[in-house]
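Here's the structure, in structure tokens; my notes come after.
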């Protein structure tokens with residue numbers, strides 16, 4: 001069996017591992033508002049759905065998941081997929097219904113739906129007014 005070794009590819013890999021930011025998130029996510037709720041979509045490819053833990057305590061949302069390393073006999077030729085625990089924490093603002101957060105996991109994406117609390121939703125306030133004639137009649141009575 002012939003083994004191919006490219007020294008330039010190896011140098012690129014080593015240089016890339018040195019220049020990659022250590023603070024780069026292991027769980028990229030999108031967050032957007034859709035009407036009266038927020039939607040958070042977090043990429044978790046290759047994660048066992050049973051290992052996903054989502055919790056909310058005192059306005060801090062924590063997402064934690066485990067990617068198990070591939071086991072088996074053999075020699076690794078390339079290993080770029082990280083394994084282990086990935087976690088993200090977000091501080092949520094006021095005005096959200098934290099007790100009504102829902103979560104689903106499909107196709108490697110964890111989706112959280114975070115509703116806006118009823119008392120934080122915009123509402124129209126009616127302004128009452130009395131006509132000058134009503135005030136005069138009320139004042140003469």
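Numbering (UniProt numbering), first residue to last: 1 to 141.
Ideal Cβ placement from N, Cα and C applies to all residues, glycine included.
For residue 69, does the three-state DSSP call read helix, strand or coil? Position 69 of the chain shown, counted from the first residue, corresponds to residue 69. Residue 69 carries a coil assignment under DSSP once its states are collapsed to helix, strand and coil.
Selection from 124, 108 and 101 that minimises the alpha carbon distance to residue 142: Past the boundaries of the shown model lies residue 142; the chain is included only from 1 to 141, so the question cannot be answered.
What residue does the beta strand (DSSP E) around residue 27 start on, and which one ends it? Residue mapping note: residue 27 aligns to position 27 of the chain shown, counting from 1. Where residue 27 is concerned, there is no enclosing beta strand (DSSP E), given that its DSSP letter is neither H nor E.
Pull up the DSSP beta-bridge partners for residue 37, would you. Position 37 of the chain shown, counted from the start, is the residue given in the question as residue 37. Answer is 34 and 115, bridged to residue 37.
Would a C-beta distance cut-off of 9 Å place residue 103 and residue 112 closer than the cut-off? To locate residue 103, count along the chain shown from 1; it is residue 103. To locate residue 112, count along the chain shown from 1; it is residue 112. Taking 9 Å as the Cβ cut-off, residue 103 and residue 112 qualify as a contacting pair.
Which listed residue (27, 51, 130 and 97) has its alpha carbon closest to that of residue 118: For this step, residue 118 is matched to residue 118 along the chain shown. Nearest option by C-alpha distance: 97.
Within 10 Å of its beta-carbon, does residue 110 have 16 or more other beta-carbons around it, so buried, or fewer, so exposed? As a working note, residue 110 is residue 110 in the chain shown. By the neighbour-count rule (16 or more Cβ atoms within 10 Å), residue 110 is buried.
Alpha-carbon spacing of residue 71 relative to residue 50, whole angstroms: Translated into the one-based positions of the chain shown, residue 71 becomes position 71. Translated into the one-based positions of the chain shown, residue 50 becomes position 50. About 19 Å.
With 16 other CB atoms within 10 Å as the buried threshold, where does residue 61 fall? Counting from 1 along the chain shown, the entry for residue 61 is found at position 61. It counts as buried.
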